[in-house]
Amino acid sequence: MDMILVVIDYYSRYQEIKFLKQTTSNIIIRLLMDMFTRFGYPKSIRADNGRQFISQEFKRLCDENNIVVLQTPPYWSQANGEVENMNKSILKRLQICHSNGGNPQEELQKFTLMYSVTPHRTTGKSPSVPMFNRTIRDKIPSTADIEEENINEETRDIDILNKQKGKEREDT
1 MDMILVVIDY
11 YSRYQEIKFL
21 KQTTSNIIIR
31 LLMDMFTRFG
41 YPKSIRADNG
51 RQFISQEFKR
61 LCDENNIVVL
71 QTPPYWSQAN
81 GEVENMNKSI
91 LKRLQICHSN
101 GGNPQEELQK
111 FTLMYSVTPH
121 RTTGKSPSVP
131 MFNRTIRDKI
141 PSTADIEEEN
151 INEETRDIDI
161 LNKQKGKERE
171 DT
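Right, here's the structure in full:
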C-alpha cells in the first residue's frame with residue numbers, strides 16, 4: 001500500500017502530492033529538497049509528530065536552512081486544518097477512483113492540476129497565481145491563453161529583431 005505525502009504552501013494554497021512506499025526521514029528529506037530546489041526554502045514547516053518529522057536528520061535539515069518547524073499538537077488534527085481538508089478531498093477522490101477501477105496516481109495528478117487552476121474560496125485566486133505569478137494551463141481554454149499568445153508573439157518578434165541587429169553588427 002502506498003502512502004501519500006501532502007505538502008501545501010499556506011500562502012498560495014498550492015499543493016504537491018507524492019506517493020511513497022516508505023516514510024523514512026531520508027525519503028521525506030529527499031522529496032522536500034526536490035521541492036526546495038524548485039521553490040526555495042520556506043520560512044517554516046508545519047508537520048505532525050510522525051517519526052520522520054521529529055528525527056535528528058529532519059531537525060538538522062531545518063536548522064541548516066533556517067526553517068522553523070511547527071509541530072502540531074498530538075491528536076488535534078485541526079491545527080493542521082489545510083492539510084486535513086486536503087486529505088478529505090484526496091480520500092474522496094481515491095474512493096471514486098477505486099469504484100471506477102482507475103489508476104490512483106493518475107487520478108490524483110488530474111485532481112492536483114484541477115485544484116491548482118481552480119480559484120480558492122478564501123483567496124479568490126487559483127493557487128498557481130500567487131505561487132507562480134501566472135495561471136497554469138489546463139484543458140479548458142481561457143481568455144488568458146489568447147492574451148498570452150499575443151504577448152508571446154510580441155516577445156518572439158522582439159527577440160528576432162535583436163538577433164538580426166546582433167548579426168548585422170557582427171557582419172560589419
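In the UniProt record's numbering, the protein residues as written are 1 to 172.
Cβ atoms here follow ideal geometry from the backbone N, Cα and C, with glycine treated the same way.
Separation of residue j from residue i, as counted between CA atoms
i      : j      : result
Lys21  : Val7   : 17 Å
Asp138 : Pro73  : 38 Å
Ile136 : Glu154 : 20 Å
Asn26  : Ser99  : 34 Å
Gln164 : Ile140 : 37 Å
Gly166 : Arg156 : 15 Å
Asn133 : Thr122 : 17 Å
Gly124 : Glu82  : 16 Å
Asp171 : Leu161 : 15 Å
Phe39  : Asp63  : 18 Å
Residue environment, residue i, which counts as buried when at least 16 other CB atoms sit within 10 Å
i      : result
Ser128 : buried
Phe111 : buried
Asn49  : exposed
Val68  : exposed
Ile158 : exposed
7 Å Cβ shell around residue i - same chain, five flanking residues per side excluded
i      : result
Thr118 : Ser126
Glu16  : Val7, Met35
Pro104 : Leu94, Cys97
Phe19  : Asp2, Ile4, Gln105
Ser55  : Ser25
Asn80  : Arg46, Asp48, Thr72
Selection from the options that minimises the alpha carbon distance to residue i
i     : options                    : result
Ser44 : Lys59, Arg134, Ile17       : Lys59
Arg30 : Arg51, Glu57, Tyr10        : Glu57
Pro42 : Tyr11, Ile27, Phe19, Arg51 : Tyr11
Residues near residue i by beta carbon distance below 6 Å, same chain, minus five either side
i     : result
Phe53 : Ala47
Leu70 : Ser44, Arg46
Asn65 : Tyr41
Thr23 : Met3, Gln52
Ile28 : Gln52
Beta-carbon proximity of residue i to residue j, cut-off 9 Å
i      : j      : result
Ile4   : Leu108 : yes
Ser89  : Tyr14  : no
Met131 : Asp9   : yes
Leu91  : Leu61  : no
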